[in-house]
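Below is one structure, written out as structure tokens, with a few remarks after it.
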Amino acid sequence: MAIAFVQKQLLENPAIPGAYLSVVYQNKTVIATGFGTKQYGNENTPVTGHSIFQIGSFSKTFIALGIGKLVDEGRMNWLDPVKQHLPWFQLKDKYAEQHTTLADLLAMNSVFGDHEGDMALILGAFSSERNLVERLAVYNTSRPLRAGYIYANLNFEILGQVIEHVTNQPWFTFIKTTYLDPLGMNETFGRPMDVTNVDDLSGGHFACNDQVLGPYNLTSSMTATTAGADFLAAGSILTSANDLAKFSHSLLNHGRGILKSPQIIQDMTTGHNVLPNFVNGVDVRGKSFHPDGSVKAAGYGLDTVGNVMYGYDYYDKGGATMAMTHHNGFVPSQGLGVTLGVNVRWDSGEDNALLERMRSYVLGIFLDVPQTTLDATWNEALAQSHPPQGLECDAHFYGGQPSGVSIPEATQTLLVGTYVATESPRYNGNLTVFKQGQDLMLHYGAYTKPLLGNKQDPTTFVWTVDFSASNLPFMLTGFNSSAQALTLPGVATFLRTV
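Just so you know, we're using our numbering here: the sequence shown kicks off at 2 and counts up by one.
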């Protein structure tokens, strides 16, 4: 029934090229399979249980388990200050530098705001993960310590460096030798370039209004989570349905055979940080929550912990990369774990909720939820979904239109220079604009690409990096003055100095 349900959803949603599903129930792997194709338009590349997909932020659960193993060995405690195990860790907020704990980072309760610092990381402003964490010493954090739940990838970049400092080895090497090798997870890798069975590696795709772009190589600028698609503790792991089933077994069995104490997984799957913005009833993801006496919270390396799945105990951790999406759900009292992923990223967040609704429905099947309740929950969740009407797809990537127009020679000359970030300049770094033949080039991070103009707005420019199926806009202010600046949304405003 679960396989038929997933097949039906894929038929009704043709913008999904391929998907995988694993189900572990009562200590048995009952499903580990694939659907569709690894490459849109090529039916000769079927997704199987061995196909390799990115799992994005589900990598954070692996990082939490890495910290958990060190706690299990008595080498640290969840509530230890980060600085105790990473002496070179520094923040501009000196109180937070001294008092931020491993638990604060694991449960997203730190000084970092919503996805702060991500774009500079993605665009390659740092030479390594260590370099990124070192430069947090000059980053202007936006909130006080323990102000409540806010999702920040920087938390797990720090935790990756904690693992590396304490174990004296790369974080993925530690995860591999500690968990992956004992579990026989031979189809799990820390970055795309390390995948050995390349024929099993899925391409990445983008979708807007049912139009699909791809497949793209996972090391291309279009899909890479970081420039060069290198290791990223916050989200670079790739794996298969077969290996996810093995991993689900380990979680549901409290790390038996690897961890000395079941308390580690119990600690991770306890709610530590109350989640805001709940829906009283069924939400768009198929979760049910009623606040009267109940709590929905974040665990360590987990998004949601609580009795929110048909009244059962539950936890999950979603993940998304530039061109893939992953969701899962675990009901430990029933020995049930479901993982589900697709090799596409939708332009609409409402479309992304489809995968979570599918996850919730599959869980309900194995929990023997009555069909009427299953369907009612699905319909209530669907009623919460409000897809944007008339969603505009990027005219260049989806419509084949030029990204922009040539910038007049006189304007090019006036734009040339070095620009310094006005916010956290030593973190965000500089960008340079220079002429190369007939082109005006912009260099930032790992990329140097032409800058084009906009016919309708002379203060808007397009940086022609192929990135996530959308143009990267720069906004110009203070043109031809001492306050001339270029703003890259999500990164910083850069003021020309030379």
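Idealized CB from N, CA, C, for every residue including glycine.
Nearest to residue i (by Cα), restricted to the options the options
i	options	result
Arg144	Met109, Ala20, Phe468 and Ser251	Met109
Glu117	Phe175, Lys9, Glu188 and Ala235	Ala235
Gly1	Lys84, Thr62, Met310 and Leu276	One cannot answer for residue 1 here, as it falls past the ends of the chain, which runs 2 to 499.
Tyr301	Val25, Ala377 and Gly67	Gly67
Ala121	Ala396, Arg427 and Ser23	Arg427
Ile56	Ser251, Ala324, Glu393 and Pro183	Ala324
Asn43	Pro193, His206, His291 and Pro171	His206
Ser60	Gly438, Tyr362 and Gly320	Gly320
Tyr150	Thr34, Ile53, Val434 and Ala299	Ala299
Thr178	Ile259, Asn274, Val434 and Leu146	Ile259
Ala384	Ser471, Phe157, Ala354 and Ala65	Ala354
His51	Arg131, Leu356, Phe173 and Leu202	Leu202
Neighbourhood of residue i by C-beta distance below 6 Å, restricted to the same chain and skipping five residues each side
i	result
Phe190	Val196 and Leu239
Asp105	Ser111
Pro193	Leu219, Thr220 and Ala230
Thr49	Gly35
Thr322	Gln55, Gly57 and Thr226
Close-in-space but distant-in-sequence residues of the same chain around residue i (CB under 7 Å, 5 per side omitted)
i	result
Thr465	Ser404, Lys450, Pro451 and Leu453
Thr168	Phe175
Tyr362	Phe6, Gly287, Leu375 and Trp379
Secondary structure of residue i, DSSP reduced to three states
i	result
Gly57	helix
Trp379	helix
Met310	strand
Ala299	strand
Gly19	strand
Phe63	helix
Ala153	coil
Ser334	helix
His328	strand
Gly320	strand
Met476	strand
Arg144	coil
Cβ pair residue i, residue j closer than 7 Å
i	j	result
Ala16	Phe36	no
Val499	Gly418	yes
Glu381	Val283	yes
Leu181	Ser251	no
Lys456	Val406	yes
Leu496	Ala486	yes
Gly446	Gly125	yes
Arg346	Thr326	yes
Thr46	Thr38	yes
Gln162	Val134	yes
Leu22	Leu368	no
Ala208	Leu146	no
Ser262	Asp73	yes
Ala306	Tyr313	Reading off the sequence shown, one finds Val at residue 306, where the question assumed Ala. No, Cβ-Cβ distance for Val306 and Tyr313 is not below 7 Å.
Contacts around residue i, its chain only, beta-carbon distance under 8 Å, and the 5 residues preceding and following it disregarded
i	result
Leu253	Val25, Asn28, Phe331, Pro333, Gly336, Leu337 and Gly338
Ala396	Gln402
Phe475	Leu443, Leu452, Thr461, Phe462, Val463, Trp464, Leu487, Thr488 and Leu489
Gly69	Gly256, Leu260, Ile265, Ile266, Asp268, Met269 and Tyr301
Ala228	Ile123, Leu124, Gly125, Ser222, Gly446, Ala447 and Tyr448
Suppose only complete runs of 3+ residues qualify. What are the beta strand (DSSP E) ranges in the segment 172 to 248, listed by chain order? 205 to 209 and 212 to 217
Length at least 3, wholly inside the segment 365 to 433: the beta strand (DSSP E) runs in chain order: 418 to 422
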